[in-house]
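A.B. asks:
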Amino acid sequence: MLLIHCPYCNETLPEVEFAYASEAHIARPAKPSDVSDEDWAEFLFMRSNVKGPLYERWRHIHGCGRFFNAVRDTVTDKFLTTYKAGDPRPDLSSLTEGLK
52 MLLIHCPYCN ETLPEVEFAY ASEAHIARPA KPSDVSDEDW AEFLFMRSNV KGPLYERWRH
112 IHGCGRFFNA VRDTVTDKFL TTYKAGDPRP DLSSLTEGLK
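Have a look at this one:
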């Protein structure tokens with residue numbers, strides 16, 4: 052079972068409390084109506100799919116209901132950190148030092 056820390060409730064809870072909400076820090080086009088169908092499909096469906104640390108959005112659906120960001124290692128499925136939406140991304144080098 053995955054344990055996820057909610058930075059708003061300041062509690063670490065089982066994964067069933069949360070919902071995955073896609074990759075974090077993806078900028079929505081300023082004027083979606085001006086974007087071609089191909090570019091819109093790229094925005095909606097194509098993600099980086101990295102092997103290793105990935106910035107993700109999560110929602111605490113059975114708690115405060117708020118969205119937050121997390122860094123999760125896609126190889127080990129371990130959460131390296133979580134942080135409030137709107138906060139700057141943490142530096143990956145400081146988070147992954149212990150993984151090497």
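Per the working numbering, the sequence shown starts with residue 52, numbered consecutively. Beta carbons are placed, not taken as given, at the ideal position from N, Cα and C, and that holds for glycine. Since the structure is predicted, the reported quantities are computational estimates derived from the model, not experimental observations.
Alpha carbons only, please: which of 104, 129, 85 is nearest the one belonging to residue 144?
C.D. replies: Position 93 of the sequence shown holds residue 144. Considering only alpha carbons, the answer is 104.
A.B. asks: How about residue 72 and residue 110: are their beta carbons less than 8 angstroms apart?
C.D. replies: Mapped onto the sequence shown, residue 72 falls at position 21. Mapped onto the sequence shown, residue 110 falls at position 59. Against a cut-off of 8 angstroms, the Cβ pair of residue 110 and residue 72 comes out as a contact.
A.B. asks: From this set, 112, 89, 94, which residue's C-alpha is nearest residue 81's C-alpha?
C.D. replies: Translated into the one-based positions of the sequence shown, residue 81 becomes position 30. Closest option to residue 81, Cα to Cα, is 94.
A.B. asks: So which of 63, 87, 106, 90 has the shortest CA-CA distance to residue 125?
C.D. replies: Residue mapping note: residue 125 aligns to position 74 of the sequence shown, counting from 1. That would be 106, whose Cα lies nearest to the Cα of residue 125.
A.B. asks: Hey, quick one: how far does the beta strand (DSSP E) through residue 81 stretch, first residue to last?
C.D. replies: Translated into the one-based positions of the sequence shown, residue 81 becomes position 30. Taken as a continuous stretch (DSSP letters only), residue 81 belongs to no beta strand (DSSP E), as it is neither H nor E.
A.B. asks: What's the gap between the Cα of residue 137 and the Cα of residue 57?
C.D. replies: Taking the sequence shown and counting its residues from 1, one reaches residue 137 at position 86. Taking the sequence shown and counting its residues from 1, one reaches residue 57 at position 6. Approximately 14 angstroms, taken between the alpha carbons.
A.B. asks: Suppose contacts are defined by Cβ-Cβ distances below 8 angstroms. Is residue 114 in contact with residue 60 by that definition?
C.D. replies: As a working note, residue 114 is residue 63 in the sequence shown. As a working note, residue 60 is residue 9 in the sequence shown. The answer is yes: Cβ separation under 8 angstroms.
A.B. asks: In this structure, how does DSSP classify residue 92 when only helix, strand and coil are distinguished?
C.D. replies: Walking along the sequence shown from the start, residue 92 turns up at place 41. Note: residue 92 maps to helix in three-state DSSP.
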